[in-house]
């Protein structure tokens with residue numbers, strides 16, 4: 001099983017629902033994810049990396065009640081991991097250059113995609129349902145106008161108009177900085 005957002009979030013939700021086996025699987029799946037995260041950032045030895053992984057797993061377990069079920073799991077996970085890494089840097093008094101620090105603190109595999117997905121969902125959530133679903137179908141899911149029209153039970157021209165109006169509204173919102 002691949003450790004992606006949907007799988008990890010599903011296991012977390014199952015674990016929060018009382019499924020101890022799902023929680024155990026989640027923690028096991030997080031080990032290689034966190035090792036990779038820290039190897040790319042911590043510049044420490046294997047012992048330091050293993051310590052960071054274990055501290056993060058303990059924090060995930062002990063703070064699981066703070067997880068917001070409506071948000072992305074990996075964003076929550078990597079926030080904990082970043083705090084653990086900063087604590088580790090402080091503890092060992094290891095200096096890290098400020099230049100490029102944002103690269104050190106970002107998760108290459110999950111965070112950008114997760115944050116982008118959250119941003120897109122937030123933007124689409126502000127649109128009328130038909131516009132949002134047609135933008136999802138044609139721009140995100142890769143359906144043709146004809147396929148989206150058939151799936152939505154509407155005409156092709158209606159799909160085109162909905163996408164056009166929705167994108168126009170999104171552009172206005174983004175350019176205007178409206179929230």
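Residue numbers (full-length UniProt numbering): 1 to 179.
Even glycine gets a Cβ: it sits at the ideal position worked out from N, Cα and C.
Just so it is clear, the structure is predicted and the values come from calculations on it, not from any experiment.
Considering only the beta carbon of each residue, do residue i and residue j sit closer than 9 Å?
{"i": "residue 30", "j": "residue 3", "result": "yes"}
{"i": "residue 38", "j": "residue 53", "result": "yes"}
{"i": "residue 61", "j": "residue 27", "result": "yes"}
{"i": "residue 69", "j": "residue 16", "result": "yes"}
{"i": "residue 84", "j": "residue 121", "result": "no"}
{"i": "residue 80", "j": "residue 63", "result": "yes"}
{"i": "residue 88", "j": "residue 21", "result": "no"}
{"i": "residue 151", "j": "residue 143", "result": "yes"}
Quick one: Cα of residue i to Cα of residue j, how far?
{"i": "residue 170", "j": "residue 49", "result": "42 Å"}
{"i": "residue 132", "j": "residue 73", "result": "24 Å"}
{"i": "residue 10", "j": "residue 36", "result": "21 Å"}
{"i": "residue 40", "j": "residue 33", "result": "11 Å"}
{"i": "residue 47", "j": "residue 173", "result": "48 Å"}
{"i": "residue 57", "j": "residue 147", "result": "44 Å"}
{"i": "residue 86", "j": "residue 75", "result": "16 Å"}
{"i": "residue 175", "j": "residue 82", "result": "31 Å"}
{"i": "residue 23", "j": "residue 153", "result": "40 Å"}
Within a Cβ cutoff of 7 Å, which residues of the same chain sit near residue i, ignoring the five residues on either side of it in sequence?
{"i": "residue 145", "result": "138, 156, 159 and 160"}
{"i": "residue 25", "result": "11"}
{"i": "residue 19", "result": "none"}
Please check if any C-beta of chain B sits within less than 9 Å of the C-beta of residue i.
{"i": "residue 70", "result": "The chain inventory of the structure shown lacks chain B, comprising one protein chain alone."}
Taking 8 Å as the limit between beta carbons, can you name the residues of its chain near residue i, skipping five residues before and five after?
{"i": "residue 127", "result": "135, 166, 169 and 170"}
{"i": "residue 149", "result": "155, 156, 158 and 159"}
{"i": "residue 125", "result": "132"}
{"i": "residue 45", "result": "none"}
{"i": "residue 164", "result": "none"}
{"i": "residue 51", "result": "88"}
Near residue i, which residues of its chain fall below 6 Å by C-beta distance, leaving aside the five closest residues on each side in sequence?
{"i": "residue 130", "result": "162"}
{"i": "residue 59", "result": "80"}
Problem set entry | Within the segment 129-167, ranges of the alpha helix (DSSP H) (whole runs, at least 4 residues) | 129-135 and 145-152
Problem set entry | Uninterrupted alpha helix (DSSP H) stretches inside the segment 4-71 (no shorter than 4 residues) | 5-16, 20-39 and 46-62
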